[in-house]
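The block underneath contains the structure these notes are about, expressed in structure tokens.
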Amino acid sequence: MEESYKKKLKLIFQGLSDLCDPYKVPMEMWSDDISLWPDLEFGQLYMYLVSTTGEFTKEMLKNYKSLDAYNYYASGWVQTIYFHDMEQGINCVLKGKVKASQRLNDPPHEAWVCLHKKTADVVTGHCSCMAGKGGTCSHVAGILFKIEACARLGIVKMSCTSLPCVWNQSFSKN
Numbered sequence: 001m002e003e004s005y006k007k008k009l010k011l012i013f014q015g016l017s018d019l020c021d022p023y024k025v026p027m028e029m030w031s032d033d034i035s036l037w038p039d040l041e042f043g044q045l046y047m048y049l050v051s052t053t054g055e056f057t058k059e060m061l062k063n064y065k066s067l068d069a070y071n072y073y074a075s076g077w078v079q080t081i082y083f084h085d086m087e088q089g090i091n092c093v094l095k096g097k098v099k100a101s102q103r104l105n106d107p108p109h110e111a112w113v114c115l116h117k118k119t120a121d122v123v124t125g126h127c128s129c130m131a132g133k134g135g136t137c138s139h140v141a142g143i144l145f146k147i148e149a150c151a152r153l154g155i156v157k158m159s160c161t162s163l164p165c166v167w168n169q170s171f172s173k174n
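Sequential numbering of the sequence shown, starting at 1, is according to UniProt numbering.
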């Protein structure tokens, strides 16, 4: 495991002794219940994407609707997002698959983001794509845009019986 990836895992677990890789957590420990998601606001998404060394700038985020990352969310290429509660920790992890923009027949990229449970501040992120090691690739940002939209639209606060059962699903055929 690369040293930079170990540093990300340490950020997630904030001093807890177990460093568990989100890619290795069994699926039965993840939930697709969006009411568990922290209320991520655009300002938090913005601060993470701009302040983390990566591909996003203040100028780019002024026109965020033209970004590939936003279009991944808006086009339904961000598939179901799953939530994992770090039981003893202050953070949680949300993961999902995001379809590749250029090669639609390729398997989707697997990305995860770590958020503070109470404040929803973005701690770190990672993706299986070439640019994902930095934590701010378009696939990670696409997941953040979907989480932010869910909070902004009030969907996180709705009961599961009030929601269309497919809101967290992708809009495109898998």
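We put the beta carbon where it would ideally sit given N, CA and C, even for glycine.
- The closest CA to that of residue 143, considering only 133, 47, 20 and 127, is found on 127.
- Membership of residue 114 in any alpha helix (DSSP H) is not indicated; the residue belongs instead to the beta strand (DSSP E) covering 109-116.
- Residue 78 and residue 70 have their alpha carbons spaced roughly 10 Å apart.
- Contact between the stretch 106-122 and the stretch 132-150 is present: three or more C-beta pairs spanning the two stretches fall below 8 Å.
- For residue 96, the three-state secondary structure derived from DSSP is strand.
- Under the three-state reduction of DSSP output, residue 125 falls in the strand class.
- Sixteen is the threshold: when 16 or more other Cβ atoms of the shown chains lie within 10 Å of the Cβ of residue 22, as they do, the residue is buried.
- According to the DSSP assignment, residue 82 belongs to the beta strand (DSSP E) that extends over 78-85.
- Within the same chain, and ignoring the five residues on either side of residue 148 in sequence, the residues whose Cβ sits closer than 6 Å to its Cβ are 40, 42 and 45.
- Per the coordinates, the alpha-carbon of residue 8 lies some 12 Å from the alpha-carbon of residue 93.
- A direct Cα-Cα distance of roughly 14 Å separates residue 76 from residue 141.
- Annotated three-state conformation of residue 63 is coil, per DSSP.
- With at least 16 other beta carbons inside 10 angstroms of its own, residue 72 counts as buried.
- Nearest Cα to residue 38 within the set 85, 57, 11 and 65: 85.
- Beyond the five residues adjoining it in sequence on each side, residue 68 comes within less than 7 Å, by CB distance, of 101 and 138 in the same chain, given in chain order.
- Residue 6 and residue 28 have their C-alpha atoms some 24 Å from each other.
- Counting the other Cβ atoms within 10 Å of the Cβ of residue 62 gives fewer than 16, which makes it exposed.
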